[in-house]
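What follows is a set of notes on a single structure, which appears directly below.
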Amino acid sequence: MNWQNPKQQAVSLLACALFASSGQAAEFNWSGFLTLAAGKTLSGSVQGQNEVGINCPCMISDFSQSGVIDSSWDFAADSKLGLQGNLQLSEQLSLTAQLVSRGARDWDPNLEWVYAGWQLGDSDLIQVGRKRLPLFYFSEQQDVSFTYPWVHLPPQTYGWEAVNYNGINWNHSFQAGDWSGLVNTFAGSETRKDNDYMKIYNGIDSETDTRWRKIIGAEVLMNRDWFEGRLMLMKSDTQSRLASDNADWSAPTEQMLFGASGLIDYQDWIVSAELFFSDRTESYGRDLAYTLTTGKRLDGWVWYLTHGLYQQKINAMNPLELTTEADQEKHRLSSAVVRFDVSSAAAVKIQLDHWQDGGGQWFKQTYGDANALSISYDRVF
């Protein structure tokens, strides 16, 4: 399956949609979101400029977009502005596009989503184009910070090389007694050039390309009253190349990704858990990540405590010649967050993070331990 780049997709989808809906009145709606977030490390075990060119003490707040908080107050790591437009061409056919500008990427606008949707009856929806890869519970709204508790999503869980994919998905909703359910199956591919995720490891001036092919997966969501649960399974081939060194693509290797989450929102209490596991035995080994959160509503404020872990297990005989002592990555993050909703569309958050490193020599010497403070204003419009 050979998917086009986002700009080519936008033109193709628009042409097809306009042809299919000729003679019908179209309706356009738009929405947006904004996060102004300032962050600063208070202390840390690494001092000065590290190996990849970041001034430390420093803490990674967003692996996927290379968002890093350093020792100076800065809006770059977690601030963003997004606009989403929806063109309803008929009762069945629509076009959606989303443009996001991030501080972590020098505010360059990026076309994150562009897809066409066909509604097949009341329960089935097919979407074709560029969408968010549904690896995690908050994947679809991960840019809309107003929708979740934290200033930045827990980086131990929400950090991976690929964020979007080009392909097709089918949503099927159903009712099973008192339970409401949704099954989302998806397939496609993704090539991410100058991958921001890899700048965390290869240097802020490096250029690394990532390619995921033969993506196929499914997620199931079930909810009833105050509980919601989710399971996800995905398989693909993965490759990379260090383009700044004119390196060739690595040989394709298989990966299996598994995710599970649960959310309880009962009266004034909120409890959530998310687990993520990857099997990359053909490449280097396996990854395990989890996040646990407890929240309490109190006099208009919501108070949260979160703890997360990310841990690698490197195979002794791996083609990348990684070793446990030097290269294995393991770290924990404990966070305290307080949120106040200014209105039904705006919130202020304050977050205190404690990052504790327990991995090999490279990560310990490059990032190490850190304590950070972040403050944000989130708005949807």
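According to mature numbering (1 follows the signal peptide of the UniProt record, and there is no 0), the stretch in the sequence shown is residues -25 to -1, 1 to 356, in order. Using N, Cα and C, we set each Cβ at its ideal position, and we do this for glycine too.
The three-state reading of DSSP puts glutamate 300 in helix, counting H, G and I together.
The residues Leu56 and Arg354, in chain order, have a CB closer than 6 angstroms to that of leucine 9 in the same chain once the five nearest residues on each side in sequence are set aside. Residue state for methionine 292 is assigned as coil, using DSSP reduced to three classes.
Around the CB of alanine 51, 16 or more other CB atoms lie within 10 Å, so the residue is classed as buried. DSSP, read as helix, strand or coil, puts phenylalanine 8 in strand. By the neighbour-count criterion, in which a residue is buried when 16 or more other Cβ atoms sit within 10 angstroms of its Cβ, tyrosine 241 is exposed.
Shown here, aspartate 171 sits in a helix according to DSSP, grouped into three states.
Judged by DSSP secondary structure, threonine 268 falls within the beta strand (DSSP E) whose first and last residues are 260 to 273.
Residue range 336 to 341 is occupied by the alpha helix (DSSP H) that includes tryptophan 337. The Cβ atoms of leucine 108 and asparagine 139 lie closer than 8 angstroms to each other. In the DSSP assignment, the residues bridged to isoleucine 245 are Asp240 and Gly270.
A residue is called buried once 16 or more other Cβ atoms fall within 10 Å of its Cβ, and valine 75 is buried on that count.
Under a 10 Å Cβ-count criterion, isoleucine 289 is classified as buried, with 16 or more other Cβ atoms of the shown protein chains found around its own Cβ. Around the CB of proline 130, 16 or more other CB atoms lie within 10 Å, so the residue is classed as buried.
Of the residues assessed, isoleucine 179 falls on the exposed side of the cut-off, its CB having fewer than 16 other CB atoms within 10 angstroms. Secondary structure note for leucine 348: its beta strand (DSSP E) is the uninterrupted segment 345 to 355. Cβ contact annotation for serine 155 (same chain, cutoff 6 angstroms, sequence separation greater than five): Asn198, in chain order. Contiguous beta strand (DSSP E) elements confined to the stretch 132 to 199 occur at 139 to 151, 154 to 167 and 183 to 199, taking only those with 3 or more residues.
Secondary structure at threonine 122: helix, using DSSP grouped into helix, strand and coil. Shown here, alanine 222 sits in coil according to DSSP, grouped into three states, outside any helix or strand.
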